[in-house]
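**Student:** Pasting in a structure now, in structure tokens, and then I'll have a few things to ask.
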Amino acid sequence: MDQITASIRDMYEKYPYPTGAPNNRLGSDVDLILSYGARAPEGAGPRQVLDAGCGRALGLIGAATFQPEVQFVGIDINRVGLAESKTAVDQRGLKNIRLQEVDLMSLDGLEAPTGGFDVIHSSGVIHHLSDPAASLGLLRENLAPHGLINLMVYGRNGRDPLLKTAAAIDVLFPDGTPLVDRVALARQVATFGTDGVLKGSRFADTGEVNDVEMVDRLLNANETTYDIASLWQMIDTAGLRFVRWAEPLDWQVELQVPASDLRDRLLKLPIFEQYRFLEMVLCPPMLEIMLAHKDNAPRPELGMADIANAVFRVSPEITIGTSVRHTPAGPRTETLELRVRNQDPVPITAGPTATALLAMREWGDDLPGRELQQKFAALGLAPADIPAVILELVRVEVLYRPYR
Ligand SMILES: C[S@@+](CC[C@H](N)C(=O)[O-])C[C@H]1O[C@@H](n2cnc3c(N)ncnc32)[C@H](O)[C@@H]1O
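For the sequence shown, the residue numbers in our numbering are -7 to 396.
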């Protein structure tokens, strides 16, 4: 184990990350993630997922609870976190999680499925490694040909206030000062002054976070941050390609920039330059992307002619909100709103999309295109409107097309 990895392990074993309870976080649905790639999964058998750097396995336990038919492997070097995770997995009686102590810098000992993992998650991990690109390359070697990697790394521009505060803290401490002695003073630096760099930033709460979060944010033993140019470079070096953002809406000029000369000008730029512009003005603190092998690609868009033979499913990443009034004539739906992932909810007024959304709250099964069309017709949608409604629901990611 190299020196950086040893210091990182020591830090996370003293302050195992994250704190809190297991959660079913967005971006963990395997079938949805696989649907982003153009290559259909080969072979039968349960899907196999790796969580690379699972920490205290909170996301892993949430994902495995909601997807009992999927097999999950969680790896980390933090023996304290792994022991706690094993206890939590056993207490819940989860049989579809296997935990292993594995160093991401070598992957030695990883028990990977023969055909590779269908999906690999790695959230907030590889930027702490001594050689993130090399480790990403090793993950690629363990990814099935159709597989997707869901990767989150720190965004350099967005973390600037934290980086400056961490640099100020470094001035205070000669090398070798025990971590425990640094935490209390780090908290004072984080709350210092009325015009301190963290004040008014998205990290303004740093003075109040618990010690685990404080150490992760300001006293980390090793951390690299990325802008999208350096991230793209690393992806390429690792033999992978960008498929999509985990939240594409945050990266769409049409949504982020109001109609103006500025927007018109931006839209004439190549897509990478549009991303670079948004990165610099919006300063995201995290960059979360879906990656695939270079010979895979984003799935082609659905066309009208493809609807009948496609299969659809309601996305697990939407929330449909209704308010129902109890009138003397019976319950009446008064408002309807749609929320996609963590975006703001959007009110949906009467119309074919509203009718379709209300019905979809009850749908759990896969729906072949012809059946979906019949269902919409039975709801009273005009046959001529149905294909456009389906395409729109796919475009806004309310419906998706799982591979089966
Ligand atoms: C910030 S935590 C993220 C945990 C989890 N992915 C999450 O999102 O909650 C980073 C994790 O990466 C693990 N880690 C760091 N270097 C590692 C390495 N070389 N091999 C395996 N795990 C490593 C740490 O032990 C820690 O649990």
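Even glycine gets a Cβ: it sits at the ideal position worked out from N, Cα and C.
1. Between G45 and G129, is the Cβ-Cβ spacing less than 7 angstroms?
2. Using DSSP bridges, identify the partner residues of R148.
3. Between the alpha carbons of G108 and R396, how many angstroms are there, rounded?
4. Alpha carbon to alpha carbon, how far is G372 from I382?
5. P8: buried (16+ other C-beta within 10 angstroms of its C-beta) or exposed?
6. Starting from Q63, trace the beta strand (DSSP E) both ways and give me its first and last residue.
7. How would you label G188, buried or exposed, when you count the other beta carbons within 10 angstroms and need 16 or more for buried?
8. Would you say the region 245 to 256 touches the region 176 to 194, given that touching needs at least three Cβ pairs under 8 angstroms?
9. Using a 10 Å radius around the Cβ and a threshold of 16 neighbouring Cβ atoms, would you call V207 buried or exposed?
10. In whole angstroms, what is the alpha-carbon distance linking A213 and M3?
11. Is N16 near ligand 1, with its Cβ less than 6 angstroms from a heavy atom?
12. Go ahead and pull the three-state DSSP assignment for P240.
13. Tell me whether R268 sits in a helix, a strand or coil according to DSSP, three-state version.
14. Are the CB atoms of V111 and L400 within a distance shorter than 7 angstroms?
15. Decide if the region 326 to 338 is in contact with the region 377 to 394; the criterion is three or more beta carbon pairs, one per stretch, under 8 angstroms apart.
16. Based on the DSSP output, what are the partners of V332 in its beta bridges?
17. In chain order, which continuous runs of the alpha helix (DSSP H) of length 4 or greater are located wholly inside the region 116 to 185?
18. Helix, strand or coil for Y392? Go by DSSP, reduced to three states.
19. Are the CB atoms of N334 and G29 nearer to each other than 7 angstroms?
20. To the nearest angstrom, how far is it from the Cα of M(-7) to the Cα of S98?
21. Between which residues of its own chain and A196 is the CB-CB distance below 7 angstroms, once the five residues before and five after are set aside?
22. In the DSSP assignment, what are the bridge partners of A284?
23. Taking 7 angstroms as the threshold (C-beta atoms), are L211 and R174 in contact?
24. Below 8 angstroms on the Cβ atoms is my guess for G51 versus S115; work out the distance and round it to an integer in Å.
25. Would you mind stating whether Y267 and I220 have Cβ atoms separated by less than 7 angstroms?
26. In chain order, what residues of the same chain have a beta carbon less than 7 angstroms from the beta carbon of N301, not counting five sequence neighbours either side?
27. The alpha helix (DSSP H) spanning I378 covers which residue range?
28. State yes or no: is the C-beta of W355 within less than 7 angstroms of the C-beta of V306?
29. Shorter than 7 angstroms from the beta carbon of Q266 to some beta carbon of chain B?
30. Compute every distance between the C-beta of G116 and the non-hydrogen atoms of ligand 1, then say whether any falls below 6 angstroms.
31. Just list the residues that DSSP pairs G29 with in beta bridges.
32. Counting Cβ pairs closer than 8 angstroms, one from the region 82 to 94 and one from the region 53 to 67, do we hit at least three?
33. If T119 and E215 are in contact, beta carbons under 8 angstroms, what's the gap, nearest whole angstrom?
34. Specify, as a first and last residue, the run of the beta strand (DSSP E) that A44 falls within.
35. For the beta strand (DSSP E) containing R90, name the first residue and the last one.
36. Let me check one thing: in DSSP terms, what residues is A218 bridge-paired to?
**Tutor:** In brief:
1. Residue numbering aside, residue 45 sits at position 53 when the sequence shown is read from its first letter. Residue numbering aside, residue 129 sits at position 137 when the sequence shown is read from its first letter. Going by C-beta atoms, G45 is not nearer than 7 angstroms to G129.
2. Your numbering for residue 148 matches position 156 in the sequence shown. The partner list for R148 (beta bridge, DSSP) is empty, contrary to what the question assumes.
3. The residue you call residue 108 lines up with position 116 of the sequence shown. The residue you call residue 396 lines up with position 404 of the sequence shown. Spanning the alpha carbons of G108 and R396 requires a straight line of approximately 18 angstroms.
4. For the purposes of this step, residue 372 is taken as residue 380 along the sequence shown, with counting starting at 1. For the purposes of this step, residue 382 is taken as residue 390 along the sequence shown, with counting starting at 1. Computed Cα separation, rounded: 14 angstroms.
5. As a working note, residue 8 is residue 16 in the sequence shown. Per the 10 Å Cβ criterion, buried.
6. Numbered from its first residue, the sequence shown carries residue 63 at position 71. Q63 -> beta strand (DSSP E) spans 63 to 68.
7. The residue labelled residue 188 in the question sits at position 196 within the sequence shown. Under this definition G188 is a buried residue.
8. no
9. Within the sequence shown, the letter at position 215 stands for residue 207. V207 comes out buried.
10. The residue given as residue 213 occupies position 221 in the sequence shown. The residue given as residue 3 occupies position 11 in the sequence shown. Roughly 7 angstroms between the two C-alpha positions.
11. In the sequence shown, residue 16 corresponds to position 24, counting from 1. Because no heavy atom of ligand 1 lies under 6 angstroms away, the Cβ of N16 does not count as near it: no.
12. As a working note, residue 240 is residue 248 in the sequence shown. Note: P240 maps to helix in three-state DSSP.
13. Within the sequence shown, numbered from 1, the residue matching residue 268 stands at position 276. If DSSP states are grouped into helix, strand and coil, R268 belongs with the helices.
14. Given a span of -7 to 396 for the chain in the structure shown, any question on residue 400 remains unanswerable.
15. When C-beta atoms of the region 326 to 338 are compared with those of the region 377 to 394, three or more pairs fall below 8 angstroms, so the two segments count as touching.
16. In the sequence shown, counting from the first residue as 1, residue 332 sits at position 340. Partner(s): I310.
17. 124 to 133, 152 to 164, 171 to 183
18. Here residue 392 corresponds to residue number 400 of the sequence shown, with the count starting at 1. The answer is strand: DSSP assigns Y392 an E or B state.
19. On the sequence shown, residue 334 is found 342 positions in, with the first residue counted as 1. On the sequence shown, residue 29 is found 37 positions in, with the first residue counted as 1. Taking 7 angstroms as the Cβ cut-off, N334 and G29 do not qualify as a contacting pair.
20. Sequence index remark: in the sequence shown, residue -7 carries index 1 (1-based). Sequence index remark: in the sequence shown, residue 98 carries index 106 (1-based). The straight-line gap from Cα to Cα measures roughly 9 angstroms.
21. Along the sequence shown, read from residue 1 onward, the residue named residue 196 stands at position 204. Here the set comprises L190.
22. For this step, residue 284 is matched to residue 292 along the sequence shown. DSSP, once it has assigned bridges, lists R233 as partnering A284.
23. Against the sequence shown, residue 174 aligns to sequence position 182. Against the sequence shown, residue 211 aligns to sequence position 219. Their beta carbons are under 7 angstroms apart, which means R174 touches L211 by this criterion.
24. Residue numbering aside, residue 51 sits at position 59 when the sequence shown is read from its first letter. Residue numbering aside, residue 115 sits at position 123 when the sequence shown is read from its first letter. Indeed they touch by this definition, with Cβ atoms about 7 angstroms apart.
25. Position 275 of the sequence shown, counted from the first residue, corresponds to residue 267. Position 228 of the sequence shown, counted from the first residue, corresponds to residue 220. Taking 7 angstroms as the Cβ cut-off, Y267 and I220 qualify as a contacting pair.
26. As a first step, residue 301 is located in the sequence shown; it is residue number 309 there, counting from the start. Correct list, in chain order: G361.
27. On the sequence shown, position 386 is the one that residue 378 refers to. I378 -> alpha helix (DSSP H) spans 378 to 387.
28. Translated into positions along the sequence shown, residue 355 becomes position 363. Translated into positions along the sequence shown, residue 306 becomes position 314. Yes, Cβ-Cβ distance for W355 and V306 is below 7 angstroms.
29. In the displayed structure, chain B is absent; only one protein chain is listed.
30. Your numbering for residue 116 matches position 124 in the sequence shown. It does: the Cβ of G116 is within 6 angstroms (strictly closer) of some heavy atom of ligand 1.
31. As a working mapping, residue 29 is identified with position 37 in the sequence shown. Bridge partners of G29: P290.
32. yes
33. Against the sequence shown, residue 119 aligns to sequence position 127. Against the sequence shown, residue 215 aligns to sequence position 223. Here the sequence assigns His to residue 119, which means Thr is not the residue at that position. Taking the Cβ atoms as the reference, H119 lies roughly 6 angstroms from E215, within the contact range of under 8 angstroms.
34. As a first step, residue 44 is located in the sequence shown; it is residue number 52 there, counting from the start. First-last of the beta strand (DSSP E) with A44: 40 to 44.
35. Start at 1 with the first residue of the sequence shown, and residue 90 comes out as number 98. Note, R90: beta strand (DSSP E), 89 to 93.
36. Taking the sequence shown and counting its residues from 1, the one referred to as residue 218 is at position 226. As written in the sequence, residue 218 is Tyr, which differs from the Ala given in the question. The partner list for Y218 (beta bridge, DSSP) reads G147.
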